[in-house]
Amino acid sequence: MARKSVKAREEFAEACAIELGLEVVSEIDYSCYATDPIGFIEKELLEILTDKQKEICLSVRDNRETNVQACHGAGKSFLASRLCLWWIYAVTGLVITTAPTDRQVEQIIWGEIRKVRGRLKLPGEFGMKFLRVSEQARGFGFTASHTNSNAFQGIHNDALLVIEDEACGISEEIDNGAESCTTGAKNRMLRIGNPIQGGGSFQRACVRSHIRIAAWSHPNVAWAYEKRHDGNHRLKPEVAVEILDFDGEVKDSKLWADWCERDVVPGAVSISWIENVRRKKSESSAFWQSRVEGLFPVDSEQSIVPRSWFLAARARYDADPARWNEMANYHLWRHGLDVGDGGDDHATASWRGAVLYVAATIPTKGDRLDVSRAAGAGAKLIKTNGGVVMVDIIGVGAGALSAMLEEEYQAVGRHWGEAPDEPALYANRKAEDYWLLREAFRNEEIAKSSAGRYRRNVDGGFSGNLL
Numbered sequence: 001m002a003r004k005s006v007k008a009r010e011e012f013a014e015a016c017a018i019e020l021g022l023e024v025v026s027e028i029d030y031s032c033y034a035t036d037p038i039g040f041i042e043k044e045l046l047e048i049l050t051d052k053q054k055e056i057c058l059s060v061r062d063n064r065e066t067n068v069q070a071c072h073g074a075g076k077s078f079l080a081s082r083l084c085l086w087w088i089y090a091v092t093g094l095v096i097t098t099a100p101t102d103r104q105v106e107q108i109i110w111g112e113i114r115k116v117r118g119r120l121k122l123p124g125e126f127g128m129k130f131l132r133v134s135e136q137a138r139g140f141g142f143t144a145s146h147t148n149s150n151a152f153q154g155i156h157n158d159a160l161l162v163i164e165d166e167a168c169g170i171s172e173e174i175d176n177g178a179e180s181c182t183t184g185a186k187n188r189m190l191r192i193g194n195p196i197q198g199g200g201s202f203q204r205a206c207v208r209s210h211i212r213i214a215a216w217s218h219p220n221v222a223w224a225y226e227k228r229h230d231g232n233h234r235l236k237p238e239v240a241v242e243i244l245d246f247d248g249e250v251k252d253s254k255l256w257a258d259w260c261e262r263d264v265v266p267g268a269v270s271i272s273w274i275e276n277v278r279r280k281k282s283e284s285s286a287f288w289q290s291r292v293e294g295l296f297p298v299d300s301e302q303s304i305v306p307r308s309w310f311l312a313a314r315a316r317y318d319a320d321p322a323r324w325n326e327m328a329n330y331h332l333w334r335h336g337l338d339v340g341d342g343g344d345d346h347a348t349a350s351w352r353g354a355v356l357y358v359a360a361t362i363p364t365k366g367d368r369l370d371v372s373r374a375a376g377a378g379a380k381l382i383k384t385n386g387g388v389v390m391v392d393i394i395g396v397g398a399g400a401l402s403a404m405l406e407e408e409y410q411a412v413g414r415h416w417g418e419a420p421d422e423p424a425l426y427a428n429r430k431a432e433d434y435w436l437l438r439e440a441f442r443n444e445e446i447a448k449s450s451a452g453r454y455r456r457n458v459d460g461g462f463s464g465n466l467l
């Protein structure tokens, strides 16, 4: 006989007590599931989990950090909401959830929590973004501004679970603030989201460790696909014959052969969605890589210089560094300085001819000395290699340029808001410069050196793709 859930046994006990005329005191104890999130979700919340979702449950139970890069429709937020309930009711700890927007916090994870509560009548005080069973067993969600890591200040608990939903849209400052809370031995952090764009805190966390959910692992579609010799998953020939029409579009499932499986999880990733993305976006697109394969795309759809071109420039240099260095020797050093205003970093780059040798970022402090520190960074470039520094003089950059000129350093200003040399083609000088740089990468005219200790800065900075 199947073992009844805690809630079912409690309801049976209440019914017996009523029959006997006894006072009913309802205090459901889920502590037997404190180390069994899968059991709690399946037996108490009456949910069915996929194998990947079970893997995530066990990772959250056993590891301080769990990072999940997942395809579209994999049940990410569904699972995160159930883990919230497990942590509150079974672990009797504190849960904090955050996401890039208030709508995402309220309508995704907490929307799922409200659905479960309405279905199962779970005990506790509920709101749109909070649940309180006791002072110890509770949870809440909030949205922090991209730069306000202080929102997490002072939040500590012996049993704390922090969840970053839609983690790819969460800034590094907020991620740092969230991570600073999970200092206890029993604290856990779950980052979960679509790997839409690389270069941020979510990708760096996934490099350390991650669980990847590709569409092919989901029970709705796993039966229909096979991996081909080129590494891509495509419909099995016998499946394609049955479910595709003459135009290659997926038929309504009512028209499929009886042996073809139907969706096990309504609303999750489906064959029709995958094949529609394949036709409209292609298997090589960033959209396909992130939302179907669950991979961080090499190139961003918003990129000026795709990262793959940047990596190709590095490969060109590595293939024949002596040749590129010899050509560079015929040119003076050209340096670029972008002055941060406290909200973003200073950035520098050093070129010689067609070779990018050094690129780096310098953290700003948001005080009155940021401009002078930027001027000092520009001066150091000239002291090291000579040449001239070009400074972006929009905003605070003008002050850094003035400081360098007063010290008689070779520096010139560049105002990207000015009219371009080709006004019929470009909106302003910035658009013109960016496009010319893009074309130089595309035409394989640029090489990137290994850059020594700056290699991480260069690769990491460009991996964001918004050059």
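The sequence shown: position 47 = 47 (the UniProt record's numbering), numbered continuously. Cβ atoms here follow ideal geometry from the backbone N, Cα and C, with glycine treated the same way. In this text, all values refer to a predicted model and were calculated from it rather than measured experimentally.
Membership of Tyr30 in any alpha helix (DSSP H) is not indicated, and neither H nor E is assigned to it by DSSP. When the beta-carbon positions are compared, Gly93 and Asn176 stay at least 8 Å from each other. The three-state secondary structure of Glu238, taken from DSSP, is helix. With the rule of 3 Cβ pairs closer than 8 Å, the region 190-204 does not count as touching the region 36-52. A distance of 8 Å or more separates the beta carbons of Ile393 and Arg373. For Val371, the enclosing alpha helix (DSSP H) has its first and last residue at 370-385. DSSP assignment within the region 98-183 yields the following whole alpha helix (DSSP H) runs of 4 residues or more, N-terminal first: 110-120, 172-179. Across the structure, His233 and Glu275 are spaced so that their CA atoms are roughly 11 Å apart. Annotation: Ala411 to Val355 spans about 20 Å, alpha carbon to alpha carbon.
If you draw a straight line from the Cα of Ser284 to the Cα of Trp216, it comes to about 17 Å. Beta bridge pairing from DSSP links Arg414 with Asp392. By the Cβ-count criterion, Tyr330 is exposed, with fewer than 16 other Cβ atoms from all chains shown falling within 10 Å of its own Cβ. CA-CA distance, Cys168 to Gln69, rounds to 9 Å. Just so you know, the alpha carbons of Ala319 and Ala431 end up roughly 31 Å apart. Straight-line measurement puts the Cα of His346 at about 24 Å from the Cα of Ala440.
The region 379-396 and the region 333-348 touch, with three or more beta-carbon pairs separated by less than 8 Å.
A residue is called buried when at least 16 other Cβ atoms come within 10 angstroms of its Cβ; Pro266 does not meet this threshold and is exposed. According to DSSP, His346 shares a beta bridge with Ile362. In the three-state reduction of the DSSP assignment, Ile56 falls in the helix class.
Its chain contains Glu432 as the residues whose beta carbon lies nearer than 8 Å to that of Glu422, once the 5 sequence neighbours on both sides are disregarded; these appear in chain order. Residue burial is scored here from C-beta neighbours: His335 has at least 16 other C-beta atoms within 10 angstroms and is therefore classed as buried. As DSSP reads the structure, Leu94 sits in a beta bridge with Arg138, Leu160. With respect to Lys236, Glu249 sits apart: the two C-beta atoms are not nearer than 8 Å. Checking the DSSP bridge columns, you'll see Met189 partnered with Glu65, Val162. For Leu120 against Ile163, the beta-carbon gap comes to about 21 Å, at or over 8 Å, which does not count as contact.
The beta carbon of Ser270 is closer than 8 Å to those of Gly73, Asn220, Val221, Asp263 in its chain, skipping five residues each way along the sequence.
Under the three-state reduction of DSSP, Ala268 is assigned to coil, being neither helix nor strand. Counting only the Cα atoms, Asp252 lies some 31 Å from Val116. With respect to the C-alpha of Cys84, the residue from Arg228, Ile113, Arg368 having the closest C-alpha is Ile113. The residues Gln69, Ala70, Cys71, Pro195, Arg212, Ile213, Ala214, in chain order, have a CB closer than 7 Å to that of Gly294 in the same chain once the five nearest residues on each side in sequence are set aside. Contact check between the region 239-247 and the region 100-109: fewer than three CB pairs, one atom from each, fall below 8 Å, which does not count as touching. Note on the region 254-327: whole alpha helix (DSSP H) runs with a minimum of 4 residues are 271-281, 286-291, 307-319, in chain order. 8 Å or more divides the Cβ of Val105 from the Cβ of Lys76. The beta carbon of Arg429 sits closer than 6 Å to the beta carbons of Trp416, Glu418, Pro420 from its chain, once the five residues preceding and following it are set aside; these are given in chain order.
Assignment of Ala403 by DSSP, reduced to helix, strand and coil, places it in the helix class.
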